[in-house]
Every structure is written in structure tokens, then in C-alpha cells.
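**Q** Its first residue numbered 9, the sequence shown is counted upward by one per residue in the working numbering.
Built from N, CA and C at the ideal position, the CB exists for glycine as well.
Just so you know, these numbers come straight off a predicted model, no measurement behind them.
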Amino acid sequence: MDRLLNNIRLRNKMFLVYLLCVFIPTILTNGIFYTIISNNVKNQKIKDIRLAIEQIKNDFRSQVDDAVSLSSFFYADYTTNEILDRDFLRPEEYVEAYDSYLRRMLNNYTPVALSLQNITVYADNATLLHSGNVGYLNNQVRETEWYKAGASSSRSLPVFIRIEEPDGPFTGFSLIRKMDYYADRQFREKMVKIDFKTSTLSDIFMNLNVQGSMYLLNAEGKVEFTTNPEVDWRGSDRAYFDSLQRPNHLVVFKTVYSGVSYLEGWSVVGTINENEIVREVGKSRKFILWSACVMMILPTVIILIITRSMNTRIIQILKHMKKVKNQNFEIVRNVDARDEIGQLTVEFNRMIHQINTLINDVYKADIQKKSLELERRKAQLNALQSQINPHFLFNALETIRMRSILKQETETAKIIHNMGKIFRSSLTWNKDRVTVKEELEFILCFLEIQKYRFGSKLEYHIDVSPESYACTVPKMLFLPFVENASIHGIEPLKNGGVIHIRILTEEGNLVFSVQDNGTGMEKEKVDRLYSYLNMDEIMGDRIGVQNVLYRAQMIYGDRFEFRVESSPGEGTVIRLQIPILEQDV
Numbered sequence: 009m010d011r012l013l014n015n016i017r018l019r020n021k022m023f024l025v026y027l028l029c030v031f032i033p034t035i036l037t038n039g040i041f042y043t044i045i046s047n048n049v050k051n052q053k054i055k056d057i058r059l060a061i062e063q064i065k066n067d068f069r070s071q072v073d074d075a076v077s078l079s080s081f082f083y084a085d086y087t088t089n090e091i092l093d094r095d096f097l098r099p100e101e102y103v104e105a106y107d108s109y110l111r112r113m114l115n116n117y118t119p120v121a122l123s124l125q126n127i128t129v130y131a132d133n134a135t136l137l138h139s140g141n142v143g144y145l146n147n148q149v150r151e152t153e154w155y156k157a158g159a160s161s162s163r164s165l166p167v168f169i170r171i172e173e174p175d176g177p178f179t180g181f182s183l184i185r186k187m188d189y190y191a192d193r194q195f196r197e198k199m200v201k202i203d204f205k206t207s208t209l210s211d212i213f214m215n216l217n218v219q220g221s222m223y224l225l226n227a228e229g230k231v232e233f234t235t236n237p238e239v240d241w242r243g244s245d246r247a248y249f250d251s252l253q254r255p256n257h258l259v260v261f262k263t264v265y266s267g268v269s270y271l272e273g274w275s276v277v278g279t280i281n282e283n284e285i286v287r288e289v290g291k292s293r294k295f296i297l298w299s300a301c302v303m304m305i306l307p308t309v310i311i312l313i314i315t316r317s318m319n320t321r322i323i324q325i326l327k328h329m330k331k332v333k334n335q336n337f338e339i340v341r342n343v344d345a346r347d348e349i350g351q352l353t354v355e356f357n358r359m360i361h362q363i364n365t366l367i368n369d370v371y372k373a374d375i376q377k378k379s380l381e382l383e384r385r386k387a388q389l390n391a392l393q394s395q396i397n398p399h400f401l402f403n404a405l406e407t408i409r410m411r412s413i414l415k416q417e418t419e420t421a422k423i424i425h426n427m428g429k430i431f432r433s434s435l436t437w438n439k440d441r442v443t444v445k446e447e448l449e450f451i452l453c454f455l456e457i458q459k460y461r462f463g464s465k466l467e468y469h470i471d472v473s474p475e476s477y478a479c480t481v482p483k484m485l486f487l488p489f490v491e492n493a494s495i496h497g498i499e500p501l502k503n504g505g506v507i508h509i510r511i512l513t514e515e516g517n518l519v520f521s522v523q524d525n526g527t528g529m530e531k532e533k534v535d536r537l538y539s540y541l542n543m544d545e546i547m548g549d550r551i552g553v554q555n556v557l558y559r560a561q562m563i564y565g566d567r568f569e570f571r572v573e574s575s576p577g578e579g580t581v582i583r584l585q586i587p588i589l590e591q592d593v
């Protein structure tokens, strides 16, 4: 296969590349892409229609719920029920009671009033003046259909019904509710009737996002309202939705109310022309066709240009490759091609042979010479380092300590001993983790040295829980904070101060805190300490707060917590929290 391809001219190779890598994949890709996009667009359009119909359903229920809430107020309002049950001896008494309470309650119900036509409270009380949204519940009213529907409701639940005149024409929708909340104390029959605006209902169902007809069906499936002008929904002889003649190209979307007593079984139905759904698919079809044309024409033009200029560019590459010293020294084997790339391969192999010759004759000898020089300098560096070996400093400190003991200067000998321990520990980094007990030894050595310097000016207290001693921490994690508390907190004080150190365990964490009553810090210094937590660069080998925070955050990550509480003249509290490792438990 390789021999066959190597003997094909570049122009024919580029045509094969175009056919196999551009034309056929483009046709297949766009076909698959068109199918997926069409299905996605269609599904999205259907989803949008369902959401719009669901929105209409929710908006309609919201209007009814507002009326239900208003009826609940009249149903449970004691003052309203008491006024409607009271026997008034004179009209003036009723007018006074109406003006003082009922007028405000019956008229001030905005913004619910925007969707309501009228609110009327009916009461079986002849002493009331039946006007101003207050009606007389007489036998004539009891003969109406809306009263019968409200009176038949169990548990005084609201009833949403369609209102028609006795001769049949539709007048509107109303919410009816018996007002018998205080039936055990009040003996008048009362009922509230809330009428809806038909125009508000039309505004809800005329949703611009639904390009079709909307229907409101009752629990029996009859059309109570519709935006379809061809359906007579205002007459008393209303049709069932399922009996309506509908073209085959209409798609029906239906959503039913459930769990709502006054709308139980009612439903909102939308009929959408299938062309509205397919129209969006047509838009995507045009886009895919145009993109397919661009993806085929543009690569064709580019391949033609590249093919035409291939020979010239390959000759230029051959001329330049004779001068380049490439680091890939492996030759290309089995070179028997007869096209331009075969000639390029021959010249490449010749260049590799020349580079190998140069490496063997010149560079290897030079590398050996430089390696000898590097070894010589390394030996000199080791000799220089051995002259300043830290053991010399340890031995010198030990000699001074022994002389102090011989002269009975025990305090000085103790301080020198502590200095030696700290110095030895700070230079020995092959052991990066120590126990809390070992870390405390470093801290005590430092505090004893400071105590030697300042005498009674410095006091310190250490409180460590027993289970904390065996926990391991990075070496020198706590000491820099004790050093800062002594040098920067207590030392500037004229009368000295106290350092409190606490180490304990809390919920799987080791908590270290150091508190001093020293000079404290300005807010800028506290912010600078917190800024160290956000530094990513390597801090080097020095010991300090900045390096300690960097090491702790690098080891423990987000499980490391650092807190500072300080203000000028009130001292400083540093708190560190690190997780206890499993091997320490």
C-alpha cells in the first residue's frame, strides 16, 4: 500500500485527500447534522409550546386563586360576618357600619380588582340596604344556578362556574362561596359572589407565543372559552371538544388541573398547526445547506492552490534542509519513492549522515572536555564546603558551653545549649516532620534564650493537651509565630508582657494558638499576613511567617486554616489549624 501511494503523483494524492477527507465526510456530517438539528429544533418548538400553554394555565389559575383568596377573607372575617348578621333598627345604623368597615373591604381590593368585574356579598338579612356590593339573599336569588352550585358545595369550598342568563346567553365566570365559617354563632345565610372580567380571560388565552387556538374545558370536556372564532362557546348549547371537527394537520396539546377543588378536572388545550412546528426546521435546513456549500467549495479552492504550488515549495524545502542541523538523527529507511517527497527524503538522509559525523568528530570530544572541567569545579566546591562544615560551629558552641560549665556559669551554658539545638535543627532538613513534643522543645529553647535576654520582662505559659504530643507537624511550623510574638509583640514594651501558647485537638484537627499582650499590629500588617496565603511562588529555604504559610498551604491545601486577631496596643492572637494525619491517630 505504501509503495503504491509513493508512486502516485501529488496532484492525484491531493484529489484523493479531498474526496476521502472533505467531500464524503462533509456530505455524511451534514446529513447527520441536519437530522439531529431538525429533531432538536422540532423538540424545542414543542417544548416552547408546552411551556406557553402551561403558562396560560398557571396565569388563569392565578386569577382564580386571587379571587379564592379574596373570598377566604370575606369567609373568615369576623367583622364582615357580624355586620351582615346584625339586625339594624334604623337605616342610619347600617349606613354607619357600612361606611366604617364594609365600604373599604368591598371596594379596596386592588390589584386583584384588575381581573375582577364585581364583588357582591349576599345575606339573608332584610334590615340591610341592598346596594353597594351587598345583595339580599331572597328566594329569587336562591332560584339561580350560581346559588345552587355554591350551596351544594361541601365544606364551604369555593366553586368556579360559568354564569348564563335565564334565556341562555353567556355573561361571564364567577366564583361562589358560602360564608358559614361562624355558623355556630351566627344564624344568617350568607354567600359571596365574585365576577371575573371576560376581557382579562381573553388577554390570558391570547398568548403571542402560541400560534394557534386555545380552549378552556370544564371537567366534562365542554368548551367554556376559546380563542377560535369558529367555535360558539357563548351559547348554552356548548360543544364537547372531542366532537369538534379539526383538520389533520393540527397538533393538540393538553394540560389538566389537578389537586385544586374549584378547578378539578378542568383543562387548557391548545391546537397548533403542524406547519408552525416544521417552519423552524426549514430555517435550519437552509443554514445547513449553505454551510455545506461553504465547507465543500472553500476546501476545494484551497487544495487546488496548494497542489499548484507544491513542487515549488518542496524544492525550497530541499535547499533549506541541506543547511539545517536537525536534532532528529534517525534516517528514513526503505526510500524508493519516485515523487518529489522521495527526493526530499534522500536529501534528508544525507544531511543526517553529515550531522552524525560532526557529532562523533567534534561535539563528543568537546562534551568530554567540558565534563572533566565540571567535575574539577565540583571537587573544588566540595572542598570549599568542607571548610565551613556546620559541625565546626556545633563543636565551637559545645566548647563554649563546656567552658561555661567549668566556670559554673550554668545559665550561660544552658542558653548556649539551647542555641546549639535550634541551630542544629534549622540546618538539618532531611527530617521535614517532627512531633509536637519535638517542636515544643525548639519553642522552649527559644523562649529560654529570650528569657535570658529580657529577664522578668518576658513571661510565657504553655498549655498542651496530652493527645497532641504524638501528632506530627512540619518542622519549624509553630516557632516563627512564637518568635514574632516575642520580638515584635513583647520586646518593644517598656514593662514587658506575657505569651500564651495553646496546642489542642478539635474534631480531627490540631489547633495551635499563640497570644501576646504586646504592641499589636495595624490593619495593613494583618492584611499583608493574609496576602501570603495567595502567593504561588516558591519562597526558598528561609524560615519565616511567609515561608511557613507557603509550606503549610502547599502540604495541607484547603484544609489549612490561618487566623489573625490584632489591633494596635491590644496584642495579637495567631491561630493555626491543620488536619491530624492518619498515622498520628
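Out of Asp132, Lys483, Ile16, Val142, which one is the CA nearest neighbour of Asp107?
**A** In the sequence shown, counting from the first residue as 1, residue 107 sits at position 99. Measuring from the Cα of Asp107, the nearest candidate turns out to be Val142.
**Q** Going by alpha carbons, who is nearest to Leu258 out of Glu590, Asn283, Ile470, Arg571?
**A** Stepping through the sequence shown from its first residue, residue 258 is reached at position 250. Of Glu590, Asn283, Ile470, Arg571, the residue nearest in Cα terms is Asn283.
**Q** For my contact list, Lys201 and Tyr130 are in at a C-beta cut-off of 8 Å; report their separation, rounded to the angstrom.
**A** Within the sequence shown, numbered from 1, the residue matching residue 201 stands at position 193. Within the sequence shown, numbered from 1, the residue matching residue 130 stands at position 122. Sure, about 7 Å apart at Cβ, within 8 Å.
**Q** Tell me Lys445's beta-bridge partners as DSSP assigns them.
**A** Indexing the sequence shown from 1 puts residue 445 at position 437. DSSP lists no partner for Lys445.
**Q** Just to confirm my understanding: we take Pro99, look at its own chain, exclude 5 residues before and 5 after, and list those with CB closer than 8 Å. What are they?
**A** What you label residue 99 is simply residue 91 of the sequence shown in a count that begins at 1. Excluding residues within five positions, the ones whose Cβ falls inside 8 Å are Leu137.
**Q** Looking at C-beta atoms only, is the number of pairs between the region 205 to 213 and the region 145 to 164 that lie closer than 8 Å three or more?
**A** No, the region 205 to 213 is not in contact with the region 145 to 164.
**Q** Quick one: give me the first and last residue of the alpha helix (DSSP H) that Phe96 is part of.
**A** Position 88 of the sequence shown, counted from the first residue, corresponds to residue 96. Segment: none, Phe96 is in no alpha helix (DSSP H) and carries neither H nor E.
**Q** Enumerate in chain order the residues of its own chain whose CB-to-CB distance from Ile582 is below 7 Å, with the five nearest sequence positions on each side excluded.
**A** Translated into the one-based positions of the sequence shown, residue 582 becomes position 574. Hits under 7 Å: Phe489, Ser521, Val522, Val572.
**Q** Quick check on the burial criterion: 16 or more other C-beta atoms within 10 angstroms. Buried or exposed for Ile367?
**A** The residue labelled residue 367 in the question sits at position 359 within the sequence shown. Under this definition Ile367 is an exposed residue.
**Q** For Gly574, collect the residues of the same chain with a Cβ closer than 6 Å to its Cβ; drop the 5 residues on either side in sequence, then sort them by chain order.
**A** Residue numbering aside, residue 574 sits at position 566 when the sequence shown is read from its first letter. Inspection of the sequence shows that residue 574 is occupied by Ser rather than by Gly. Answer for Ser574: Gly528, Met529, Val534, Thr580, listed in chain order.
**Q** With H, G and I counted as helix, E and B as strand and the rest as coil, what does DSSP make of Gln585?
**A** As a working mapping, residue 585 is identified with position 577 in the sequence shown. Gln585: strand per DSSP, three-state reduction.
**Q** In chain order, what residues of the same chain lie with their CB nearer than 6 Å to the CB of Tyr42, ignoring the 5 residues before and after it?
**A** For the purposes of this step, residue 42 is identified with residue 34 of the sequence shown, where counting begins at 1. Contacts found: Ile296.
**Q** May I have the straight-line CA-CA distance separating Val264 from Leu306, to the nearest angstrom?
**A** The residue you call residue 264 lines up with position 256 of the sequence shown. The residue you call residue 306 lines up with position 298 of the sequence shown. Spanning the two alpha carbons is a distance of roughly 53 Å.
**Q** Going by other Cβ atoms of all chains shown within 10 Å of its Cβ, with 16 needed for buried, is Asn133 buried or exposed?
**A** By 1-based counting over the sequence shown, the position of residue 133 is 125. By the neighbour-count rule (16 or more Cβ atoms within 10 Å), Asn133 is buried.
**Q** Taking the C-alpha atoms as reference points, what is the distance between Pro587 and Ile495?
**A** Position 579 of the sequence shown, counting from 1, holds the residue named residue 587. Position 487 of the sequence shown, counting from 1, holds the residue named residue 495. Whole-angstrom Cα-Cα distance: 29 Å.
**Q** How many angstroms separate the CA atom of Ser464 from the CA atom of Tyr477?
**A** For the purposes of this step, residue 464 is identified with residue 456 of the sequence shown, where counting begins at 1. For the purposes of this step, residue 477 is identified with residue 469 of the sequence shown, where counting begins at 1. In a straight line, the C-alpha of Ser464 is about 28 Å away from that of Tyr477.
**Q** Check this for me: beta carbons of Tyr109 and Thr87, under 7 Å apart or not?
**A** Locating residue 109 in the sequence shown gives position 101, where the first residue counts as 1. Locating residue 87 in the sequence shown gives position 79, where the first residue counts as 1. A contact, by the Cβ cut-off of 7 Å.
**Q** Taking buried to mean at least 16 other C-beta atoms within 10 Å of its own C-beta, is Ala159 buried or exposed?
**A** As a position in the sequence shown, residue 159 is number 151, starting the count at 1. Result: exposed.
**Q** Could you name each continuous alpha helix (DSSP H) segment of 4 residues or more that falls completely within the region 111 to 172, going from the start of the chain to the end?
**A** Those alpha helix (DSSP H) runs which fall completely within the region 111 to 172 and span 4+ residues are 111 to 115, 147 to 150, 153 to 159.
**Q** Mind checking which residues open and close the alpha helix (DSSP H) that includes Asp85?
**A** As a first step, residue 85 is located in the sequence shown; it is residue number 77 there, counting from the start. Premise fails: Asp85 is in no alpha helix (DSSP H) and is neither H nor E.
**Q** Once DSSP output is grouped into helix, strand and coil, what is the label at Gly220?
**A** Taking the first residue of the sequence shown as position 1, residue 220 is located at position 212. Of the three classes helix, strand and coil, the one that applies to Gly220 here is strand, per DSSP.
**Q** Between Gln253, Lys198, Ser182, which has its C-alpha nearest Phe82's C-alpha?
**A** Here residue 82 refers to the residue found at position 74 when the sequence shown is read from its first residue. Nearest option by C-alpha distance: Lys198.
**Q** Which term fits Ile375, buried or exposed, when burial requires 16 or more other beta carbons within 10 angstroms of its beta carbon?
**A** Taking the first residue of the sequence shown as 1, we reach residue 375 at position 367. Counting Cβ neighbours within 10 Å, Ile375 comes out exposed, since fewer than 16 surround it.
**Q** Under the rule that 16 or more other beta-carbon atoms within 10 Å means buried, what is Leu12, buried or exposed?
**A** Counted from its first residue, the sequence shown places residue 12 at position 4. It counts as exposed.
**Q** Drop a sphere of 10 angstroms on the beta-carbon of Pro237, count the other beta-carbons inside from all chains shown, and report buried for 16 or more, exposed for fewer.
**A** For the purposes of this step, residue 237 is identified with residue 229 of the sequence shown, where counting begins at 1. The residue in question, Pro237, is exposed, as its Cβ has fewer than 16 Cβ neighbours within 10 Å.
**Q** Could you tell me the distance, in whole angstroms, from the CA atom of Glu590 to the CA atom of Asp440?
**A** On the sequence shown, residue 590 is found 582 positions in, with the first residue counted as 1. On the sequence shown, residue 440 is found 432 positions in, with the first residue counted as 1. Rounded to the nearest angstrom, the two C-alpha atoms are 17 Å apart.
**Q** By a C-beta neighbour count over all protein chains shown, 10 Å radius and 16 as the cutoff for buried, is Val481 buried or exposed?
**A** Numbered from 1 along the sequence shown, position 473 holds the residue referred to as residue 481. Answer is buried; the Cβ neighbour count reaches 16.
**Q** Can you tell me the Cβ-Cβ gap for Leu225 and Ser79, rounded? I've got them flagged as a contact below 8 Å.
**A** Here residue 225 corresponds to residue number 217 of the sequence shown, with the count starting at 1. Here residue 79 corresponds to residue number 71 of the sequence shown, with the count starting at 1. With a Cβ gap of about 23 Å, Leu225 and Ser79 do not count as contacting.
**Q** Would you list the residues sitting across from Asp638 in a DSSP beta bridge?
**A** Residue 638 falls outside the range modelled here, since the chain spans only 9 to 593, and no answer is possible.
**Q** Looking only at C-alpha atoms, which of Val354, Leu448, Gln585, Lys445 sits nearest to Glu514?
**A** Along the sequence shown, read from residue 1 onward, the residue named residue 514 stands at position 506. If we check each option's Cα against that of Glu514, Gln585 comes out closest.
**Q** Which same chain residues, not among the five before or five after Ile507, have their C-beta less than 8 Å away from its C-beta?
**A** As a first step, residue 507 must be located in the sequence shown, where it is residue number 499. Cβ neighbours of Ile507 beyond the five flanking positions: Leu455, Leu466, Glu467, Tyr468, His469, Val490, Ala493, Ser494, Gly497, Ile498, Val522, Gln523, Asp524.
**Q** Which same chain residues, not among the five before or five after Ala387, have their C-beta less than 6 Å away from its C-beta?
**A** Against the sequence shown, residue 387 aligns to sequence position 379. Its pLDDT being 43, under 50, Ala387 is placed unreliably by the model, and the measurement read from it follows with that caveat. Result list for Ala387: empty, nothing under 6 Å.
**Q** If Ile212 sits next to Ile57, beta carbons under 8 Å apart, how far is it from one beta carbon to the other, in whole angstroms?
**A** As a first step, residue 212 must be located in the sequence shown, where it is residue number 204. As a first step, residue 57 must be located in the sequence shown, where it is residue number 49. So it is not a contact: roughly 16 Å between Cβ atoms.
**Q** Where does Val72 sit, in a helix, a strand or coil, going by DSSP?
**A** The residue labelled residue 72 in the question sits at position 64 within the sequence shown. Helix, per DSSP.
**Q** Grab me the residues of Asp95's own chain with a C-beta within less than 6 Å of its C-beta, minus the 5 sequence neighbours each way, in chain order.
**A** Numbered from its first residue, the sequence shown carries residue 95 at position 87. So the qualifying residues of the chain are Thr135.
**Q** Using only the alpha-carbon positions, how far apart do Asn48 and Ile40 sit?
**A** In the sequence shown, counting from the first residue as 1, residue 48 sits at position 40. In the sequence shown, counting from the first residue as 1, residue 40 sits at position 32. Going from the Cα of Asn48 to the Cα of Ile40 covers about 12 Å.
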